[in-house]
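Numbering (the numbering used here), first residue to last: 661 to 846.
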């Protein structure tokens, strides 16, 4: 508590205002605070790493028309963007350097199967991040049995959101379910 007879205390009134950014950033209080924050970040990083879940969106499009989704194909306000192969490999390379072992999802707010390179991207990620858990979410509408077979070789988890008003499996998902039932070794 402040020892004062004032009812309201504004500690900034008595503080001298810095006349420049350099003066402010060089002050002893700021340097001390910066050092303490850096120490805390280093301590947390040693304990648990900086992060344990990364989502990579290689294409910012979805083919769905889900009314609850702000980026369905009818309402998405974003300009189409496709991640370059170089950027994807650079991200994976940086994660590889730090021996990333968390969860990597090749999906964010999109339908990943709209990107024809998604299978190769997942293979590349699995090859370079062997300790990471590779995941992918899809609405399943663009799935083929061949794509499924390639992806299950490299994914640790595949989630198919089978959105359907009649609560029925859509055709591509039904084919995959039938294949999985016939091949329980998967």
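All C-beta atoms in this analysis are idealised placements derived from N, C-alpha and C, irrespective of residue type, glycine included.
Proximity to residue i [Cα-Cα], best of the options
{"i": "residue 757", "options": "792, 779 and 832", "result": "792"}
{"i": "residue 720", "options": "797, 771, 790 and 842", "result": "771"}
{"i": "residue 746", "options": "803, 698, 781 and 714", "result": "781"}
{"i": "residue 716", "options": "705, 744, 738 and 842", "result": "744"}
{"i": "residue 779", "options": "764, 801 and 812", "result": "812"}
{"i": "residue 776", "options": "695, 810, 787 and 689", "result": "810"}
{"i": "residue 788", "options": "794, 752 and 804", "result": "752"}
{"i": "residue 764", "options": "825, 688, 697 and 712", "result": "712"}
{"i": "residue 801", "options": "824, 783 and 784", "result": "824"}
{"i": "residue 832", "options": "808, 761 and 759", "result": "808"}
{"i": "residue 842", "options": "822, 759 and 805", "result": "805"}
{"i": "residue 738", "options": "695, 722, 727 and 726", "result": "722"}
{"i": "residue 803", "options": "790, 786, 821 and 816", "result": "821"}
{"i": "residue 926", "options": "748, 786 and 828", "result": "Outside the modelled stretch of the chain, which goes from 661 to 846, sits residue 926, for which no answer is possible."}
Continuous beta strand (DSSP E) stretch holding residue i: start and end
{"i": "residue 843", "result": "Looking at the DSSP string, residue 843 is not in any beta strand (DSSP E), and its letter there is neither H nor E."}
{"i": "residue 738", "result": "Residue 738 -> no beta strand (DSSP E), and no H or E assigned at all."}
{"i": "residue 765", "result": "763 to 765"}
{"i": "residue 801", "result": "Careful: residue 801 lies outside any beta strand (DSSP E) and carries neither H nor E."}
The alpha helix (DSSP H) enclosing residue i, as first and last residue numbers
{"i": "residue 778", "result": "778 to 788"}
{"i": "residue 818", "result": "It is not in any alpha helix (DSSP H) - residue 818 instead sits in the beta strand (DSSP E) that spans 817 to 820."}
{"i": "residue 751", "result": "745 to 757"}
{"i": "residue 811", "result": "805 to 814"}
Helix, strand or coil at residue i [DSSP, three-state]
{"i": "residue 716", "result": "coil"}
{"i": "residue 827", "result": "coil"}
{"i": "residue 731", "result": "coil"}
{"i": "residue 721", "result": "coil"}
{"i": "residue 661", "result": "Summary for residue 661: the model assigns pLDDT 44, below 50, so the residue's position carries little reliability; its value from the coordinates is reported in the next sentence. The answer is coil: DSSP assigns residue 661 none of H, G, I, E or B."}
{"i": "residue 832", "result": "helix"}
{"i": "residue 688", "result": "helix"}
Residue i and residue j closer than 7 angstroms at C-beta
{"i": "residue 796", "j": "residue 774", "result": "no"}
{"i": "residue 769", "j": "residue 731", "result": "yes"}
beta-carbon residue i near the ligand FMN non-hydrogen atom, thresh 6 angstroms
{"i": "residue 721", "result": "Inclusion of the ligand FMN in the displayed structure is not the case, the ligand content being empty and no account of it being possible."}
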